[in-house]
Structures are given as structure tokens and as C-alpha cells.
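Quick note: the sequence shown uses my numbering, first residue 3, plus one each step.
The C-beta atom is built at its ideal place from N, Cα and C for all residues, glycine as well.
Below: one structure, written as C-alpha cells.
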Amino acid sequence: MASRNEISRRSLQLPNCVVINNSSKCKAPFRLVSLVPGLLLNFISALSSLLPDLMMSNPWSALHKSMPYGYVLRIIHVYKKRQNKLRGVACEKPLARNVGEAEQITHLMIKEDITTGYLENQLFSPVLIKGRDLLWKRAVPSSGRPYLVRAAEEHSGPHKPWFWKGQLQGGGVLSDMMCHSLEAARFLLQDPKKEKDSLEAVSVQATIASLKWSQDSYSRELKESTNNEVRRETRDGSHSNEVDYSISPSEDYAHVTITYKDSDGRTLIGELTTSWSYVGSGLRLSFELLGPEYSMRADTLETPLHIFMSRRIRGDCGEDLIEKQNAEQGLMPVVVDEEIAYGYTGENRHMVECFRSGKTPSLTFEDGLRVVKMMMVCYYAAEKGTSVDPRSLPHDFSPLVAQGRWTPP
Numbered sequence: 003m004a005s006r007n008e009i010s011r012r013s014l015q016l017p018n019c020v021v022i023n024n025s026s027k028c029k030a031p032f033r034l035v036s037l038v039p040g041l042l043l044n045f046i047s048a049l050s051s052l053l054p055d056l057m058m059s060n061p062w063s064a065l066h067k068s069m070p071y072g073y074v075l076r077i078i079h080v081y082k083k084r085q086n087k088l089r090g091v092a093c094e095k096p097l098a099r100n101v102g103e104a105e106q107i108t109h110l111m112i113k114e115d116i117t118t119g120y121l122e123n124q125l126f127s128p129v130l131i132k133g134r135d136l137l138w139k140r141a142v143p144s145s146g147r148p149y150l151v152r153a154a155e156e157h158s159g160p161h162k163p164w165f166w167k168g169q170l171q172g173g174g175v176l177s178d179m180m181c182h183s184l185e186a187a188r189f190l191l192q193d194p195k196k197e198k199d200s201l202e203a204v205s206v207q208a209t210i211a212s213l214k215w216s217q218d219s220y221s222r223e224l225k226e227s228t229n230n231e232v233r234r235e236t237r238d239g240s241h242s243n244e245v246d247y248s249i250s251p252s253e254d255y256a257h258v259t260i261t262y263k264d265s266d267g268r269t270l271i272g273e274l275t276t277s278w279s280y281v282g283s284g285l286r287l288s289f290e291l292l293g294p295e296y297s298m299r300a301d302t303l304e305t306p307l308h309i310f311m312s313r314r315i316r317g318d319c320g321e322d323l324i325e326k327q328n329a330e331q332g333l334m335p336v337v338v339d340e341e342i343a344y345g346y347t348g349e350n351r352h353m354v355e356c357f358r359s360g361k362t363p364s365l366t367f368e369d370g371l372r373v374v375k376m377m378m379v380c381y382y383a384a385e386k387g388t389s390v391d392p393r394s395l396p397h398d399f400s401p402l403v404a405q406g407r408w409t410p411p
């Protein structure tokens, strides 16, 4: 799939909205979208002269800091000093690494009266939107609401070393990807005519494991492949951010079962899975929604386009067929316009159009906070080894994975 900046260029084809990339000197992966000057830049120092209207950021956890609170305060200070108004701030999932960090950034935005957007691309996937709308319009009125949802995101592992480091990212695959599945499940189960709080999680069971990357041979492979890049990126020569799953692993598999109650007291179930240990042709997103007389199924690898290349055809490894591509030979699916299929195009346009028109996006930092709370509940349930009530989560809970103290079962 194309880079996020390239996706922004393609999807934000709106008047007075131009996207460029200038990140060579930037430690913090900020994306800034300017609607009036028309610029996107990746470093805060440019703010004083450009003052863009909208900031779109990669995950805060990518900063490898306790929280980018200082960065955000600097941004706000620049705008106040110049007496300009920051029209909005949008952040990629997850909003933060734990509840405390998520609350801190959310409350700051509320205090400063800055409109926010939480970037969860899967809710803008045309397949998910179409499937949900058809069932809720045609099937639900005559047979009843859906009661079971399944959502999974699986691939063979992330592309940057810091994702693998639990102390930096805040966890493993659950922290990285369960945020997608949690929101996709809610999106499909929730009555589209009702508010988000009409669906309440009342109990959570969870399992996390390191199925592949803690094995000796794969642990050595991961250490070698990631730490060369870590050393290149670390100016002071420190090896503290190096990845070694033989000493401090993160989970590469997570499964969660959530029991919900809707506003009428009905019991609903969500079964969610994420994995860094899945080896197929590439990234697989799969969804199911089941009700009394109907069902829906979607799988991003079941594409209308497949190509076959024999063993005589050799080439460099790449991702020109599908994101997280694992092979260059054989029968391979091709996802055409991945940024549209995965929801990035719809997400970007929705956010920018909302900020331009003064509307509140459908997802805000408060939604991001809600998702972070649920992810922490999942970790808490996995550590307890039993079903937990989300309300029982300790406010200062930090997963053992994030502390570097987790031992795989």
C-alpha cells in the first residue's frame, strides 16, 4: 500500500488543500494538513510560519515518549502567540498507550476548545458500510437485530522496530491492532439510529500469547532484522530500544470475547482476533455479522483479481500486490485501490470536510479514549485469566507487556 502521505495526496483532492511531505529532520512523525496555505509538513518548527488549519498525526505512541503532551502544548502556544485558531487535530489509532495518557490529551483538547478527530479507517471501508447498511435496512426490521459479530486483523508483523517493543508501543499486537477490531465490532452491532452508548460492554474475556516470534529461530531473526535499523536511528549509540524477544517479548496473538448489552437489554457477543503470526498472501481483514435470519461475511483476501506467477519469475520483495505481502510467486490476490478498500480515503475526506465546515467528526478523541479503555480492559482480563467487568479496571493499570515484565504462557 502507498505511504500515508501518498494516500493523503490521493484522497484529499479538495479545493485549497495540498499535501506535501518534508520529514527528513523530524523525530516526531507529525502530519500537518493546511487548508488555507495548503501545506502538509512533518515538523513543529514550521508551524510558526505556516500555521496550517488541521494537524493530522501518526499514533502518539510512535514518539517513543511517555506522552507527546509537550509537543501539543508547543503547538497550542504557537497558535496563541500568533493569534491564530487551530481548526482541528486528528490522530491515528491508538490515541495513547494507556488510559492516563489518553485522558491527558483528550482533556487538553477540551480545555483549549480544539475540535478533534480520531482516525479509525476501518469504519470508512466501503464493504463494511455497505454490508451494515443493507442488513440494518432490509433484514433487521423483519427479523430482529444482529447478535454476533466477528472481526479479525492478521498479518506477519509490523514494519517498524518500535512496534515490536512493548515498552515503547505500550503493548504488542493487541495495542497495535485490537483498536481496529473493537470499533469494527461496535460499528456493525450498534443500531445506526442510536448513540454509541446504546451498546455497553458488560464482560470481557481475553487471551494473549507469543505463538511465533518468541521461538528461538524467529526471535533471533527478529532481533537481527530490527536492531540494525534501531542502531541507525539512535544518535547516541544507545541500545536500550533494541528488540529481543528472548528477554522481553510482546504478544503476537490476541483473542477477545466481549459480551454486550444493548439499550433494550439484549445480550450480544463480539469475537475479536488480532495476530502478527499469520502468514498468508498478505494482510487479512475479515468480518462476520450474524442475526436471526441473515448473515454477512467479508474478507479482504477474497478479491476479484488474482494473478499467478511461476517459479521462473523472480523479483525483489515488495508490497505492490497487497499490504504486508509475503510472496512474489504463485497465485496471489491483488487488492485494487487499497486505500479505498481499507477506508483511508473516506476517513481522510470525512475529517477534512468536517473541519473545513466547522462540524464535529463522527469520531473524536473521546472515542479514542473509549477505545484505549477497552484495550486496557482486554489486557487486564488476559492477565487475570478470567472474565472481567470493564468497570473494574484500575485507573492506573499498565499491561505487563508495556512494562517489559510479561512472560508468555
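- In this structure, Ile-271 lies near Tyr-149, with their beta-carbon atoms less than 8 angstroms apart.
- With distances taken between CA atoms, Lys-361 lies nearest to Arg-89 out of Arg-89, Tyr-280, Tyr-346, Cys-93.
- Taking 3 residues as the shortest admissible run, the region 283-343 contains the following complete beta strand (DSSP E) segments, listed from N- to C-terminal end: 286-293, 296-301, 308-311, 332-335.
- Inclusion of Leu-125 and Tyr-296 in the CB contact set at 8 angstroms is not warranted, their separation being larger than that value.
- Assignment of Ser-212 by DSSP, reduced to helix, strand and coil, places it in the coil class.
- Non-local C-beta neighbours of Gln-169 in its own chain, meaning closer than 8 angstroms and more than five positions away in sequence, comprise Ser-250, Ala-404, Gln-405, Gly-406, ordered along the chain.
- Listed as beta-bridge partners of Leu-121 by DSSP are Glu-94.
- Distance check between Trp-408 and each of Val-80, Ala-187, Ser-248, Ala-98 places Ser-248 closest, using alpha-carbon atoms only.
- The beta strand (DSSP E) runs of length 3 or more contained entirely in the region 102-148 are, from start to end of the chain, 118-121.
- Remark: C-beta atoms of Tyr-262 and Leu-201 approach each other more closely than 8 angstroms.
- Residue pairing from DSSP places Asp-264 in a beta bridge opposite Leu-201.
- In the structure shown, the three-state DSSP call for Ser-219 is helix.
- Looking at the backbone, the Cα of Ile-77 and that of Val-281 are separated by about 41 angstroms.
- Using a Cβ-Cβ distance cut-off of 8 angstroms, the region 286-301 and the region 162-181 are not in contact, since fewer than three pairs of beta carbons, one from each stretch, lie closer than that value.
- Looking at Cys-380, Gln-327, Leu-274, the one whose alpha-carbon comes closest to that of Arg-188 is Leu-274.
- When secondary structure is reduced to three states using DSSP, Arg-351 falls in the helix class.
- Boundaries of the beta strand (DSSP E) harbouring Glu-156: 150-156, taken from the DSSP string.
- In this structure Thr-388 is exposed. Its beta-carbon is surrounded by fewer than 16 other beta-carbon atoms within 10 angstroms.
- The C-beta of Thr-269 has fewer than 16 other C-beta atoms within 10 Å across all chains shown, which makes the residue exposed.
- Between the region 108-116 and the region 342-350 there are fewer than three inter-stretch CB-CB distances shorter than 8 angstroms, so the stretches are not counted as touching.
- The region 172-186 makes contact with the region 97-107, as at least three CB pairs between them are under 8 angstroms.
- Counting along the chain, Gly-272 sits inside no alpha helix (DSSP H); it lies in the beta strand (DSSP E) bounded by residues 269-277.
- By the criterion of a C-beta distance shorter than 6 angstroms, Gly-159 is surrounded in its chain by Trp-278, once the five residues flanking it on both sides are discounted.
- When the beta-carbon positions are compared, Ala-92 and Leu-121 come within less than 8 angstroms of each other.
- Residue environment analysis places Asn-123 among the buried positions, since at least 16 neighbouring C-beta atoms fall within 10 angstroms of its C-beta.
- Our two residues, Pro-143 and Glu-185, have alpha carbons roughly 24 angstroms apart in a direct line.
- Thr-366 has no beta-bridge partner at all, per DSSP.
- Cα atoms of His-308 and Lys-132: separation of roughly 23 angstroms, rounded to the nearest angstrom.
- Secondary structure of Gln-207 (DSSP, three-state): strand.
- Between Arg-316 and Cys-181, the alpha-carbon positions lie close to 37 angstroms from each other.
- In the displayed model, Tyr-255 falls within a strand according to three-state DSSP.
- Annotated as distal: Ser-400 and Gly-293, with beta-carbon spacing of 8 angstroms or more.
- In the three-state reduction of the DSSP assignment, Val-379 falls in the helix class.
- Comparing alpha-carbon positions, the option among Cys-380, Arg-372, Leu-287, Val-374 lying closest to Val-129 turns out to be Leu-287.
- When the Cα atoms are used, Lys-139 and Arg-147 turn out to be separated by approximately 11 angstroms.
- The three-state reading of DSSP puts Val-390 in strand, counting E and B together.
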